[in-house]
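*Asks:* In this note's numbering, the protein residues as written are 888 to 1304. A virtual CB, placed ideally from N, CA and C, is assigned to each residue, including glycine. Before I ask anything, let me first share the structure, which is written out below as structure tokens.
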């Protein structure tokens, strides 16, 4: 295990710190949903590109359903942008459509490295998804990691940035996020104009995006064994969402909104197995409706200082987490509990003082990977909080992937994990 000393943060990287810090800055809360009872799904995006074709069941995972060329997002000069709608699979094994935005250096070489970057979404609204947020005029709705993504593109890589929460914005549902990530890579490699069919592949992400990344890495050997993944780099990952739910929900917590949003996102993905809404009291239903279409900042503001006792029916409370059915859902979406292991080296980073994620679950997961023969590097970054750690660890993550693309054998910290 390594402890990384802080590097000077200048230029675009310093900008990244400032922009990502806005994740903890309150902003206007989304208007409450009109629905009062039952599962509340997100409002649809007024764009036919996101519609699901009638023949989707006849298509294979990763098949492109539609494509459109767009101008580069603001802050991405010298970049080509194309959005791909593709066929993926939800947690129940049913076909769904999903979208990824592929950003490439203009004039990029055929077969250049491809990185699927799973952005920090942590949201319930479809307007928060990367395909929309990359073009959002409001910087608080943008992708906080954009400066770091530009650095990767300037290395000559293509970046696929999927809407990894899926068509229902199922925050917390890591399994579908992992599958969408892998199918987005398939779609990018199959879309001939991108010239990525022979590209080596890396995957990366932080926080909620790191959860989708870690799940994709774990599922790849069985879900998409043909993808030539050379490495995965992720940080700040909630490896055990059940443990995280208890830590954020048992008593008043400034980030309780994220726990509430994850519960509602899982309910959307597992409507028959996660009966969250029926356990809510009046205050809980009001909070649910308030954040049903919200992005990270709105969710944090709306839920700050609350606990499960504030929003759950008195007869339920945290007992919902003890339900065998709910426990199964939580295990299926916790990277720590997934039996399969990555088939490529792993780079992981986090702050040792991060109070948002269960740190013991990270160690347990990485030790299991080491025991299975996976080369693992782990970095402890000197950050007092979850968000700043994302930026401090990003240069090391990019360097790790650069080494994998260059064919350099990775070092391993398995002796000290």
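If you count every other CB in all the chains shown that lies within 10 Å of the CB of residue 1177, and 16 or more means buried, which is it?
*Replies:* Indexing the chain shown from 1 puts residue 1177 at position 290. So residue 1177 counts as buried.
*Asks:* DSSP state of residue 1238, grouped into three classes?
*Replies:* If you number the chain shown from 1, residue 1238 lands on position 351. Residue 1238: coil per DSSP, three-state reduction.
*Asks:* By Cβ distance below 7 Å, which residues in the same chain neighbour residue 1139 in space, the five residues on each side in sequence not counted?
*Replies:* By one-based count along the chain shown, residue 1139 stands at place 252. Taken in chain order, the residues that qualify are 1192, 1193, 1194.
*Asks:* Please classify residue 1185: is it buried, with 16 or more other beta-carbons within 10 angstroms of its beta-carbon, or exposed?
*Replies:* For this step, residue 1185 is matched to residue 298 along the chain shown. Residue 1185 is buried by the Cβ-count criterion.
*Asks:* Could you pull the start and end residues of the beta strand (DSSP E) that residue 837 belongs to?
*Replies:* Residue 837 is absent from the model: the chain starts at 888 and stops at 1304.
*Asks:* Going by DSSP, what residues sit across from residue 1093 in a beta bridge?
*Replies:* As a working mapping, residue 1093 is identified with position 206 in the chain shown. 1122, per the DSSP bridge assignment.
*Asks:* From which residue to which residue does the beta strand (DSSP E) around residue 976 run?
*Replies:* On the chain shown, residue 976 is found 89 positions in, with the first residue counted as 1. That run of the beta strand (DSSP E) goes 966-976.
*Asks:* Distance, Cα to Cα, residue 1284 vs residue 1033?
*Replies:* Translated into the one-based positions of the chain shown, residue 1284 becomes position 397. Translated into the one-based positions of the chain shown, residue 1033 becomes position 146. If you take the alpha carbons of residue 1284 and residue 1033, they lie about 15 Å apart.
*Asks:* Could you tell me whether the Cβ atoms of residue 1065 and residue 1010 are closer together than 8 Å?
*Replies:* Position 178 of the chain shown, counted from the start, is the residue given in the question as residue 1065. Position 123 of the chain shown, counted from the start, is the residue given in the question as residue 1010. The answer is no: Cβ separation not under 8 Å.
*Asks:* With DSSP run on the structure shown, which of helix, strand or coil describes residue 992?
*Replies:* In the chain shown, residue 992 corresponds to position 105, counting from 1. Reduced to three states, the DSSP call for residue 992 is strand.
*Asks:* What is the rounded straight-line gap between the Cα of residue 1078 and the Cα of residue 951?
*Replies:* Indexing the chain shown from 1 puts residue 1078 at position 191. Indexing the chain shown from 1 puts residue 951 at position 64. Cα to Cα, the separation comes out at about 7 Å.
*Asks:* From what residue to what residue does the alpha helix (DSSP H) around residue 1231 run?
*Replies:* Here the question's residue 1231 lines up with position 344 in the chain shown. No alpha helix (DSSP H) holds residue 1231; DSSP gives it neither H nor E.
*Asks:* Quick check: the segment 1156-1170 against the segment 1225-1245, are there 3 or more CB pairs under 8 Å?
*Replies:* Contact fails: fewer than three Cβ-Cβ distances are below 8 Å.
*Asks:* By the 10 Å Cβ neighbour count, where 16 or more other Cβ atoms means buried, how is residue 898 classified, buried or exposed?
*Replies:* In the chain shown, residue 898 corresponds to position 11, counting from 1. Residue confidence for residue 898 is low, a pLDDT of 39 falling below 50, so the modelled location carries little weight and cannot support an answer.
*Asks:* Considering residue 1133, what are the terminal residues of the beta strand (DSSP E) in which it resides?
*Replies:* As a working note, residue 1133 is residue 246 in the chain shown. Residue 1133 -> not in any beta strand (DSSP E); alpha helix (DSSP H) instead, spanning 1128-1136.
*Asks:* For residue 987, count neighbouring Cβ atoms within 10 angstroms of its own Cβ and tell me buried if that reaches 16, exposed if not.
*Replies:* Stepping through the chain shown from its first residue, residue 987 is reached at position 100. Buried.
*Asks:* Taking the alpha helix (DSSP H) that residue 1266 belongs to, which residues open and close that run?
*Replies:* Taking the chain shown and counting its residues from 1, one reaches residue 1266 at position 379. Where residue 1266 is concerned, there is no enclosing alpha helix (DSSP H), although the beta strand (DSSP E) it sits in stretches over 1263-1267.
*Asks:* Contact check, residue 1124 vs residue 1274 under 8 Å by CB: the rounded distance?
*Replies:* Numbered from 1 along the chain shown, position 237 holds the residue referred to as residue 1124. Numbered from 1 along the chain shown, position 387 holds the residue referred to as residue 1274. Not quite, the Cβ-Cβ distance comes to about 14 Å (not below 8 Å), so this is no contact.
*Asks:* Is it buried or exposed, residue 1025, if we count other Cβ atoms within 10 angstroms and call 16 or more buried?
*Replies:* Here the question's residue 1025 lines up with position 138 in the chain shown. So residue 1025 counts as exposed.
*Asks:* Should residue 978 be labelled buried (16 or more other beta-carbon atoms within 10 Å of its own) or exposed?
*Replies:* Residue 978 sits at position 91 when you count from the first residue of the chain shown. Buried, because 16 or more other Cβ atoms sit within 10 Å of the Cβ of residue 978.
*Asks:* Determine the burial state of residue 955: buried for a count of at least 16 other Cβ atoms within 10 Å of its Cβ, exposed for fewer.
*Replies:* For this step, residue 955 is matched to residue 68 along the chain shown. Residue 955 comes out exposed.
*Asks:* Thinking C-alpha only, which one of 1044, 991, 1262, 1108 is nearest residue 1087?
*Replies:* The count along the chain shown starts at 1 and reaches residue 1087 at position 200. Residue 1044 is the option with its Cα nearest to residue 1087.
*Asks:* Determine the contact status of residue 1371 and residue 1099, defining contact as a CB-CB distance below 8 Å.
*Replies:* With the chain covering 888 to 1304 only, the question about residue 1371 has no answer from this structure.
*Asks:* Identify, in the order they occur along the chain, each residue of the same chain with its Cβ nearer than 8 Å to the Cβ of residue 1262, setting aside the five sequence neighbours on each side.
*Replies:* Here residue 1262 refers to the residue found at position 375 of the chain shown. Around residue 1262: 1232, 1233, 1297, 1298, 1299, 1301.
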